[in-house]
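Be aware that the sequence shown starts at 62, since it is given in this note's numbering, and climbs by one per residue.
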Amino acid sequence: MTDWHEVMANDMAVPGDRPTAELVAELSGMLRAADPAIRDRTAYSVVATWIGRGDLDAHLVALGDEMAARFADPEIQARTFAPLILDSIVSRGVFAPSWLAAFTAWYADERDIRGYDPQLGWLHAVAHGADLLGAFGLAPQVGPAELAGLLALGARRMLAPTDHLFAAWEDDRLADALARVLTRAELDQAQALGWLDLIVEELRAAGRPVPVPARTVNTMHTLRMLYVLVDRGRRGWNPADPAEVARVRHRDALLRRLAEVLRLSVQGIG
């Protein structure tokens, strides 16, 4: 067994006394751990660092396949840390259509969307999934039809039945992911706006329940942040120039449509 605390203290240098594949397998097992000190503060920190530095380039396809399979894992922490690792892999430029399919099958249907659990630590299915959604949205291998599908997936995630109110920046991170997708030049105007019709149709079909359902509040809060990002642009996307602003496509049409949807919260839905 590797002393991972020593690895972390040594600037995350890859140990040379074991094959890298063995190290990755051990870390992958730790990413399922219920103990957040093992899963989050150790395994995730090491794996994400190694992926970002290129230390694991020869192992990314196999690791991505393993993480995609975890969307069906019975343990919530295993499911919700899989998208974080896939985010790092896809952001590194490695992509497989099967990963996108597995993520799409999981994201909107995950019912355990707690942010922080006192025993398990951060779970954050919505936020972690949003990070991967945004990474897929920027992947050049993802075409216009799949990009439109990602926008619709984000809408379905907002609208999924739940009693949980977003309280740990889930709405901001989902809005940021949608904004990343919307920067893609391949999207035509119908694709960039069409997913909002899903939201209007679903909320109108639900009528005016009292109290206001959590999913309605979550949706409106997410769209408010998205409005800001569409209007002002998204900073921080370029590591070489953090002040550079990425602009969404079809900005004016998007702002008009977002405003129409957001007015439902003050005009009443019905």
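Cβ atoms here follow ideal geometry from the backbone N, Cα and C, with glycine treated the same way.
Same chain, Cβ closer than 6 Å to residue i, five either side skipped, listed in chain order
i      : result
Ser149 : Ala109, Ile112
Arg295 : Ala240, Ala307
Gln202 : Phe156
Ala81  : Per the sequence presented here, residue 81 reads as Thr, with Ala not at that position. Around Thr81: no qualifying Cβ.
Gly331 : Caution applies to Gly331, whose pLDDT of 49 falls short of 50 and renders its modelled position unreliable; the value that the coordinates give is listed next. Excluding residues within five positions, the ones whose Cβ falls inside 6 Å are Gly268, Arg269.
Arg245 : Leu208
Close beta carbons around residue i, own chain, < 8 Å, minus the five adjacent residues each side
i      : result
Ala157 : Val122, Gly125, Asp126, Ala129
Phe164 : Ala129, Phe132, Pro144, Leu147, Gly190, Leu193, Leu194, Phe197
Arg153 : Ile112, Gly113, Gly115, Asp118, Leu121
Leu315 : Leu243, Ala253, Leu254, Val291, Val309
Asp134 : Arg93, Arg140, Ala143
Leu181 : Ala95, Pro97, Ile137, Gln138
Rounded separation between residue i and residue j - CA only
i      : j      : result
Gly90  : Ile99  : 10 Å
Thr103 : Ala166 : 28 Å
Val75  : Glu67  : 11 Å
Pro205 : Asp78  : 45 Å
Glu136 : Arg172 : 12 Å
Thr280 : Glu83  : 43 Å
Asp313 : Glu305 : 20 Å
Leu226 : Phe142 : 21 Å
Glu87  : Ala139 : 14 Å
Glu262 : Asp178 : 34 Å
Met69  : Arg324 : 50 Å
Thr223 : Val273 : 12 Å
Asp101 : Gln250 : 40 Å
Tyr288 : Asn71  : 43 Å
Arg293 : Ala94  : 40 Å
Thr283 : Ala301 : 28 Å
Trp183 : Leu259 : 30 Å
Ala320 : Ala266 : 19 Å
Leu264 : Ile174 : 21 Å
Ser326 : Val85  : 48 Å
Gly210 : Gly176 : 25 Å
Ala162 : Val271 : 36 Å
Cβ shell of residue i (< 7 Å), same chain only, five flanking positions each side left out
i      : result
Asp96  : none
Met286 : Asp232, Asp233, Ala236
Trp65  : Thr103, Val107
Trp160 : Gly125, Ala129, Leu147
Proximity of residue i and residue j at Cβ, strictly below 9 Å
i      : j      : result
Ala169 : Leu212 : no
Ser106 : Met62  : no
Arg318 : Leu248 : no
Arg218 : Leu235 : yes
His185 : Ala229 : yes
Distance between beta carbons of residue j and residue i, contact taken as under 8 Å
i      : j      : result
Leu220 : Arg276 : 6 Å
Val322 : Leu257 : 6 Å
Val151 : Ala200 : 6 Å
Q | Any alpha helix (DSSP H) of 4 or more consecutive residues that is wholly inside the region 221–288 | A | DSSP runs (the alpha helix (DSSP H)) wholly in the region 221–288: 231–243, 250–267.
Q. Which ranges does the alpha helix (DSSP H) cover as unbroken runs of at least 4 residues, wholly within the region 131–206, from first to last along the chain?
A. 137–152, 158–168, 186–199
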